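Residue 47 in this note's numbering is what sits at position 20 of the sequence shown, and the numbering runs on without skipping anything.
C-beta atoms are modelled at their ideal positions from N, C-alpha and C, and glycine is treated no differently.
Since the model is a prediction, treat every value here as computed from it, not as a measurement.
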Amino acid sequence: MTDPILQKSVYLKADPQTVWDHLTQATLMGKWFHPATEDLSQGADFTLTDGPGGDRMCWGRVEDMQPTHYMRWSFTVGPLDGVMTTVEWRLEPAIGGTRLSLEHSGLPAGADGFGLVLALDKGWHGFLLRMHEL
């Protein structure tokens, strides 16, 4: 049995720069995900909250940024007890917009962690659906 990896892709009616801005700018992240305390930048730690000025929901570090094409985070949420996972974002130009793909790896394996994997899967699904509102 392999470790779980979440993979999702959506087609968005927005150009790659607009999608990139929504992935990296604090003021825009809250429109589809959790608000960031500051813009995301290469090599910097980030914190996402449950609302403007709210409690920390998830956090990590931006490990790699290739503007408008690719970004990789170390990433954790409270139920992971500080264990870091990896989130990779890929943006590809598509006719009429952008294909945005997400891969979330390093997730807990085994029956004990499966509930968290299901919750993250559902969460990413909902967050990416919100991207259609760009």
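*Just curious, the alpha helix (DSSP H) that Trp47 is in, first and last residue?*
Against the sequence shown, residue 47 aligns to sequence position 20. Looking at the DSSP string, the run of the alpha helix (DSSP H) that includes Trp47 is 43-51.
_Identity of the residue in Thr103, Met158, Leu127, Leu156 nearest Val144 by Cα_ = In the sequence shown, counting from the first residue as 1, residue 144 sits at position 117. Selected option, being the one with the closest Cα: Thr103.
_Less than 9 Å between the beta carbons of Val114 and Arg99, yes or no?_
As a position in the sequence shown, residue 114 is number 87, starting the count at 1. As a position in the sequence shown, residue 99 is number 72, starting the count at 1. The beta carbons of Val114 and Arg99 sit closer together than 9 Å.
*Mapping DSSP to helix, strand and coil, what is Pro106?*
The sequence position of residue 106 within the sequence shown is 79, counting from 1. DSSP, reduced to helix, strand and coil, places Pro106 within a helical segment of the structure shown.
*CA-CA distance, Cys85 and Gly78?*
One-based indexing of the sequence shown puts residue 85 at position 58. One-based indexing of the sequence shown puts residue 78 at position 51. Straight-line measurement puts the Cα of Gly78 at about 12 Å from the Cα of Cys85.
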